[in-house]
Amino acid sequence: MSTASPHLELELSLFAEGFRWVGAVDEVGRGSVFGPCCVGAVVIDSSVRTFPPGLRDSKLLRADSRDALIAPLREWVSDVAVGEASAREIDEFGLTAALRLAGRRALAALTRSPEVIILDGAHDWLSRAEQSLLAPPYPVVEVATVRTRIKADVTCASVAAASVFAKVHRDQLVTDLARGAPGYDIESNKGYATPAHLAALRRLGPSDLHRVSWRLPELSGSGARREKGIK
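Residue numbers (our numbering): 14 to 244.
Put into structure tokens, the structure is as follows:
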């Protein structure tokens, strides 16, 4: 795996601006075709100067390395929560709104409110909610000032921590959900569109836990499972 290491440069600059509680948010499961998307949120305080060794963006770590980081990361952060949006919510509201819903759920579950949030990426999908009658029922939560940063999950230790919490949480969740959707090898592919997963979709059709709004021929519902009247 990559040896790319995050740092605390942005977090320390925010502490220098006068913020005491800095939040970090990252999502996982955006590109999956099965199960929920999840958003991890962590809060660190201004006394932080180091972080647990071995911390990286979750995508750069093996599963056992991610699991081993959970305990030291829980000691390192002041607070952590993971929010979810289901496959049905993704289908109903769209991916961006579902990510926002999961993110707001994570923020609502925190006991320590961040004063500023570092968000991975160039687009603030967390705080800029659409004004629409079709929007999901977002939790009522005050969203702090958001600072977006491209590749923050690689460069910012706090965002890397959020990504690890979210990834470990989602991997366990989809593994549990896979028991109700046998035949798709979800335990191995974690819901992503691997060749074996797509082949199973062609053979079985989508389960109730697949994102049927994804524009893939395999998700059209033409397989044996749909032909038998099973949604």
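Ideal Cβ positions, reconstructed from N, Cα and C, are used throughout, including at glycine.
query, result
"Cβ shell of Thr188 (< 8 Å), same chain only, five flanking positions each side left out", "Ile199, Glu200, Lys203"
"Buried versus exposed, by CB contacts within 10 Å (16 or more), Ile163", "exposed"
"Chain-order list of residues whose beta-carbon lies under 6 Å from that of Ser45 (same chain, five-residue window excluded)", "Gly204, Tyr205"
"Neighbour-count burial assignment, Gly218, 16 or more Cβ in a 10 Å radius", "buried"
"Backbone secondary structure at Arg162 - three-state DSSP", "strand"
"Runs of beta strand (DSSP E) lying entirely within the region 129-204, each at least 3 residues, in chain order", "129-133, 158-162"
"Span separating the alpha-carbon of Glu128 from that of Thr158", "7 Å"
"Inter-residue spacing [alpha-carbon to alpha-carbon] between Pro66 and Leu73", "14 Å"
"Burial state of Val172, where buried means 16 or more other Cβ atoms lie within 10 Å", "buried"
"Selection from Leu114, Gly96, Phe178, Leu108 that minimises the alpha carbon distance to Arg228", "Leu108"
"Closest by C-alpha distance to Glu155, when choosing among Arg117, Ala37, Val61, Ile83", "Arg117"
"Paired residues, beta bridge with Ala206 - DSSP", "Partner(s): none; Ala206 has no beta bridge."
"For Leu190 and Ser59, the rounded distance between their alpha carbons", "38 Å"
"Through-space distance from Asp92 to Phe32, alpha-carbon basis", "16 Å"
"Supposed close pair Asp39, Ala175 - CB separation, criterion 8 Å", "4 Å"
"Assigned secondary structure, Asp104 (DSSP; H/G/I helix, E/B strand, else coil)", "helix"
"Supposed close pair Thr161, His20 - CB separation, criterion 8 Å", "No, Thr161 and His20 are not in contact; Cβ-Cβ is about 18 Å, not under 8 Å."
"Per-residue DSSP class, three states only, for Asp28", "Here residue 28 is Phe; the residue named in the question, Asp, does not match the sequence. Here Phe28 sits in helix by DSSP."
"Rounded distance between the beta-carbons of Val55 and Gly42, thought under 8 Å", "Actually they are not in contact, since the Cβ atoms of Gly42 and Val55 sit about 18 Å apart, beyond 8 Å."
"Exposure label - Pro49; buried when at least 16 CB within 10 Å", "buried"
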